[in-house]
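**Q** Dropping the structure in here first, questions after.
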Amino acid sequence: MEIYHVQDVSFTFPLQERKALQNIQLKVHDGEFIIIGGKSGSGKSTLLRQLKPILTPHGKREGEIVFRGKPIGELDQRTQASEIGFVLQNPDNSMVTDKAWHELAFGLESLGLDQQTIRIRVAEMASFFGIQTWFHKPVTELSGGQKQLLNLASIMTMHPSVLLLDEPTSQLDPIAAADFVETLRKINQELGTTIIMTEHRLEEVLPVSDRFIVMDEGRIVVDDQPRKVGEALRLMNHPMFTAMPSPMQIYAGVTPESPYPVTVKEGRQWLDRYMAEKPIVRIEAAQFDDEITAIPLAAEPAVRFKDVWFKYEKNGPNIIKDLSFEVSGGQFYCLVGGNGTGKTTALSLASGLYQPFRGKVYIGGKNIGSMNARELYNNNLAYLPQNPQHLFVKKTVGQDLFDMLTHSSLSKEKRADKVQAVSEFLELQPLLTMHPYDLSGGEQQRAALAKVLLLEPSILLLDEPTKGLDSFFKDKLASYLKQLNADGVTIIMVSHDIEFCAKYADVCAMFFNGSITTSGPAKTFFAGNSFYTTAANRMARHVWSHAVTIEDVIAQCRNNG
Amino acid sequence: MQEQRVETRGYGRRTLVSAFLFLIVIPGTILFGVYALDDRKYYFISLLIILYTLLPFAMVFERRKPQARELMVIAVLTAIAVAGRAAFFMLPQFKPVVAIVIIAGVSFGPEAGFLVGATTGFVSNFFFGQGPWTPWQMFCFGIIGFIAGLLFRKGWLKANKRSLCIFGGVAAFFIYGGIINVGSLLMFTPSISREALLATYASGFWFDLIHAAATVIFLFVLSKPMLEKLERIKIKYGLIER
Amino acid sequence: MNQSGFAGYHPFINFVYFAAVLLFSMFFMHPFMQVIALVSASVYSILLRGRGAVRFQLALMLPLLLITAFINPAFNHAGVTILFYLKSGNPVTLESVLYGISSACMFVAVLLWFSCYNAVMTSDKFIYLFGKLIPAMSLILSMVLRLVPRYKDQIKQISYAQRSIGKDVTQGNWLQRARNGMTILSVMTTWALENAIETADSMKSRGYGLPGRTSYSLYRFDNRDKGFMALMLSLVTVVIIGGINGENSMRFFPSIKAAEMTAFSIAVYAAYLGLCMLPIIQHMMEAIKWRSITSRM
């Protein structure tokens, strides 16, 4: 049965000339699992919000959307609330009440169901999602993954026939994200609920989906099965292709045939078939090491941890245990590892926000404990917090940048020059008059980076800077960071984003249980791991263990072809 | 148009309820108190009167079936005030609550001001402990927010620093201090004598002065940016007054 | 969530119980009644919150107690038994001194009952009780309780973020610090307001605002609750009848006169003792039962 029929829909935001959506044609059938992809600002969220009228932003719409044979505008509030579920991007913002059980019941209360019905539905959903163990908990005590799961469950209690999700995993770590996708698959398979979701991170979700729609500049570019979409994008030479799963990109880089592989498993199988015909040349890791140019070590490392121990409370557990490592000047150093291993704490120690209770942290050879704020944060350290919004204090981006210089002794012209320079570097000029909160996630990240760069740091500390960014913004961010690196700025980054680290970092270190277990030059590091590594490496490691990025694998295939 | 109509009907109902309260219920309570309760009559009469004043606000608000965004604004402002009260826990009496309540009243009107104030008084005691002081605090914060909103509507209170600071100082010292001191006196004395009242005010003088000073300082620094932010939210999302 | 003992009963029972004991301990100034209230409230408070917490609270209350006891005779000169004269020429009377002490005891009992109330009547229960009566307000309550811990956490994060760009509440002179502190509050406000819009969307998306909203709760009024309620209400009735007959009162002025001891008055005091001790008795019986069950296992 047809659920949605979107007929030639265009949409324009108020006071804007450009159409955010242009002539969208779309049919959605019962039980489909559809992913919508595209750059930030390509209109995918706008399209998703058209499908639930109560969340549709103000603006002018042309064309018609039909829901189950009726124009969507005629849908009454009650049907709309219960039939069309919508999961928002930020799990923290979606939660209304203070307890998990109340959150589950919230929608049912709105629908005016009686006590007994609510009791049954809540119990069912709590069991289906495995929420029983934290059913009574205050929502603030839940982890990010649990929060998003709770949001999903609190919508599923209303028994919607369609589930719309707006980048639901962008705020989650990879493991929680994979769990979430698995739950979606279960809902789709076992309950038959239709799912339409926008997403940047395609690696996990494409294999379980039926259709992948790519949007660009408010139009639908491709709409087909995931593997066919890959092929089509490749043929169009569309930039979205770089966001597709690694096996697909590698495959396309080597052979023009179809069908394209989607999962690592399919990629491996193809690679085996491909290599079977070729004389195999296995390159040993040692041989490969020579190719990596040794980074010249400065006399004094930029940051040095020596036997550092740390805990938040006197009687609390140790968060950092006997941590020692060095980062030399001009290096791009990445700390990777699971949640709660202490990597963010380590970054806070490096930034001087906390003091170790045993051991020492040196910045440029000086003990961080003996430095005052002026020494630490002027031309020395800069810390970009995970949420860039925490840095904005003014009404416009421009004012916010100038605010950083209020206490400097520079003349007015000099200040203007500096702001000018940094906004040019990060391409912020068109945004200077805007309110920081009106920017997109990636733009906010850039504006915040500009703020900290005005302190002219020699060491830049980043806490998960790629969280929630699409692949284009990531590439852009990487290019800025590389440029800073080239200018001699040391960068230490904490991240879950393995692909990003593998591609751009000089050195990677694995954090586990309060300390670093292994570290090394990025490629050797990931080549040495067997599970905690890039998708490209997982696909090809049985042939070339050191091939870490997509480009590496393609190059190896070509060399052997 | 729709909202306008509901609004006027709401005010009408409130007038009716207030009239009923002032003419019948409050005198009745006083009479009942004087004849039926001996020692604790003053405390109970005052407590009941406070509850009566809270009642019409709650009733009108509930009847109006407030929309999600409206609830959200009140919840957010209340939570900021409570978190602010908690953030300054180490400085007794140096609290931003009155300042935030005044800003809420000025920006969103007397009703919202009252609700933010009263809810702050109530909810913050979930963190600090409920006690016999809870209704008094609810009433004081609430009425300050209400008066701020009302004076602003009448044009007597301007949305500038000087005007707000003066009002804030006066409200914190005379309205809050004035009422809370009576409340604590009534808790444990059978009758109000002039001397006892004066002694209570004298003992509370420095606390009230710090409270007033804190309110002035907070308003001096926060009023402008806060009011701007609230205006922005109102325009960006078409909140409440439209 | 504390669900054992008396707190495990239906919220309505918890609420009625505390309303009754609070009102009674404020009204009934008879020495017996006061002693009963004071002892029961202390024991229950210790049971709920531990000896240390209650001792700490009593230590805090002591100065207040003394002030209360002394402030009354200083301003209240009624009574016939004159002890001595103040400099101002006003007499200090035995009656007013005793009244001061009695008021102080009453005040302490009220505070102790409130400390029990705070431990038993969690916000969940309050929201449930008033969810039907004032649905919008109790939803606001729930929302605020969800937001406050979140905001406290944000304040911490924002202050770290600001500190790492050199704007620190712990650095600089007094004025700078205060200014940076206010900046943090200001950043928090923007952040809170902007993010709240999405929460409002989430409410609308789940049908908030539809007519006929119900309120769900985890609580059920079961047979155990009915039994407890009947017992509690009968005790309350006896105490109120006693109160109407003046058995629970004490006259202080002009001269002290307490109600006489009669068979009826003893019954009233016993009922009051039973009422005040009800949660403690319940707690003890549960403990005994548990022990006997485990010993048989």
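Residue numbers (the working numbering), protein chains in the order written: chain A, 270 to 830; chain B, 38 to 279; chain C, 153 to 449. Glycine included, each C-beta is placed from N, C-alpha and C at the ideal position. Keep in mind the model is a prediction, meaning the values are calculated, not measured.
According to DSSP, A:S784 sits in a beta bridge with which residue or residues?
**A** DSSP output for A:S784 lists A:F781 as bridge partner(s).
**Q** Just tell me which of C:S407, C:Y424 and C:F380 has its CA closest to the CA of C:S399.
**A** Per the sequence shown, the amino acid found at residue 399 of chain C is Glu instead of Ser. Closest by alpha carbon: C:Y424.
**Q** Just to confirm my understanding: we take C:L214, look at its own chain, exclude 5 residues before and 5 after, and list those with CB closer than 6 angstroms. What are they?
**A** Cβ within range, chain order: n/a, list empty.
**Q** Just the C-alpha distance for C:E438 and A:F800, rounded to the nearest angstrom, thanks.
**A** If I take the Cα positions, the gap works out to 53 angstroms.
**Q** Strictly below 7 angstroms CB to CB, what residues from chain C border A:V477?
**A** Ordered by position in chain C, no residue passes the 7 angstroms Cβ test against A:V477, which lies about 24 angstroms from the chain.
**Q** Looking at C-beta atoms only, is the number of pairs between the region 181-200 of chain B and the region 140-154 of chain B that lie closer than 8 angstroms three or more?
**A** A contact exists between the region 181-200 of chain B and the region 140-154 of chain B.
**Q** I need the boundaries of the alpha helix (DSSP H) containing A:D672, first residue and last residue.
**A** V666 to D672 is the extent of the alpha helix (DSSP H) around A:D672.
**Q** Determine, for C:M153, whether the minimum Cβ-Cβ distance to residues of chain A falls below 8 angstroms.
**A** Note that C:M153 scores a pLDDT of 41, beneath 50, so its modelled location is shaky; the value from the coordinates is reported in the next line. Chain A, which has a Cβ nearer than 8 angstroms to the Cβ of C:M153, makes this yes.
**Q** Restricting to Cα atoms, I'd like to know which of A:I632, A:A805 and A:G797 is closest to A:I761.
**A** When only C-alpha atoms are compared, the closest one is A:I632.
**Q** Determine, for A:K329, whether the minimum Cβ-Cβ distance to residues of chain B falls below 8 angstroms.
**A** Output row for A:K329: interface = no.
**Q** For a test of the three-state rule: what should DSSP assign to A:N636, helix, strand or coil?
**A** Of the three classes helix, strand and coil, the one that applies to A:N636 here is strand, per DSSP.
**Q** Which residues in the same chain have their Cβ closer than 8 angstroms to the Cβ of A:T532, if we skip the five residues on either side of it in sequence?
**A** These residues qualify, in order along the chain: P476, P514 and P516.
**Q** Output, in sequence order along the chain, the residues in the region 352-385 of chain C whose CB is closer than 7 angstroms to any CB in chain B.
**A** So the list reads A352, M355, K356, Y360 and G361, given in the order they occur along the chain.
**Q** On a CA-only basis, which of B:K273, B:H248, B:V113 and B:E148 is nearest B:L187? Give me that one, please.
**A** Among B:K273, B:H248, B:V113 and B:E148, the Cα nearest to that of B:L187 is on B:E148.
**Q** By the DSSP assignment, the beta strand (DSSP E) with A:L471 in it spans what residues?
**A** No beta strand (DSSP E) contains A:L471, which DSSP labels as neither H nor E.
**Q** So, under 8 angstroms CB-CB, B:M96 and C:A352 are touching, yes? Tell me the CB distance rounded to an integer number of Å.
**A** Actually they do not touch by this definition, with Cβ atoms about 24 angstroms apart.
**Q** Could you have a look at C:Y371 and say whether DSSP puts it in helix, strand or coil?
**A** Three-state result, C:Y371: coil.
**Q** Could you check what DSSP says for B:N218 in three-state terms: helix, strand or coil?
**A** DSSP places B:N218 in helix when its eight states are reduced to three.
**Q** List the DSSP bridge partners of A:M762.
**A** Partner(s): A:C603 and A:L731.
**Q** Indicate whether at least one CB of chain C lies closer than 8 angstroms to the CB of B:Y238.
**A** So, not an interface residue.
**Q** Does DSSP put B:S144 in a helix, a strand or coil?
**A** Residue state, collapsed to three classes: helix.
**Q** Once DSSP output is grouped into helix, strand and coil, what is the label at A:W578?
**A** A:W578: strand per DSSP, three-state reduction.
**Q** I want to verify the contact list: residues of chain C whose CB lies under 7 angstroms from the CB of B:V160, in sequence order.
**A** Going along chain C in sequence order, the residues near B:V160 (Cβ under 7 angstroms) are L293, V296 and L297.
**Q** Considering Cα atoms alone, identify which of A:D821, A:N649 and A:F404 is closest to C:L370.
**A** When each option's Cα is compared against that of C:L370, the closest is A:F404.
**Q** Which stretch, first to last residue, makes up the alpha helix (DSSP H) that contains C:M185?
**A** Note, C:M185: alpha helix (DSSP H), P183 to F227.
**Q** Using a Cβ-Cβ cut-off of 8 angstroms, state whether A:E725 counts as contacting chain C.
**A** Not one chain C Cβ lies under 8 angstroms of A:E725.
**Q** Which stretch, first to last residue, makes up the beta strand (DSSP E) that contains A:L653?
**A** Where A:L653 is concerned, the enclosing beta strand (DSSP E) stretches over L650 to L653.
**Q** Do A:A778 and A:S764 have their C-beta atoms within less than 8 angstroms of each other?
**A** Going by C-beta atoms, A:A778 is not nearer than 8 angstroms to A:S764.
**Q** Quick check for students: name the residue ranges of the alpha helix (DSSP H) that lie wholly in the region 250-279 of chain B, counting only runs of 4 or more.
**A** Whole alpha helix (DSSP H) segments, 4+ residues: zero.
**Q** Is A:G306 helix, strand or coil when you go by DSSP?
**A** Reduced to three states, the DSSP call for A:G306 is strand.
**Q** Would you verify that the beta carbon of B:K191 is, or is not, closer than 8 angstroms to some beta carbon of chain C?
**A** Not one chain C Cβ lies under 8 angstroms of B:K191.
**Q** May I ask you to list, following chain order, the residues of the region 634-668 of chain A that have a beta carbon less than 8 angstroms from some beta carbon of chain B?
**A** Within the region 634-668 of chain A, the qualifying residues are K664.
**Q** At a Cβ threshold of 8 angstroms, is B:Y89 touching chain C?
**A** By this cut-off, B:Y89 is not an interface position.
**Q** Kindly give me the distance between the Cβ atoms of C:K356 and B:A116, rounded to whole angstroms, as I take these residues to be in contact under 8 angstroms.
**A** At roughly 20 angstroms, the Cβ-Cβ gap does not stay under 8 angstroms, so C:K356 and B:A116 are not in contact.
**Q** Any contact of the region 293-306 of chain C with the region 155-166 of chain B, i.e. 3+ C-beta pairs under 8 angstroms?
**A** At 8 angstroms Cβ cutoff, the stretches touch.
**Q** Give me the DSSP bridge partner(s) of A:L295.
**A** DSSP lists A:V275 as partners of A:L295.
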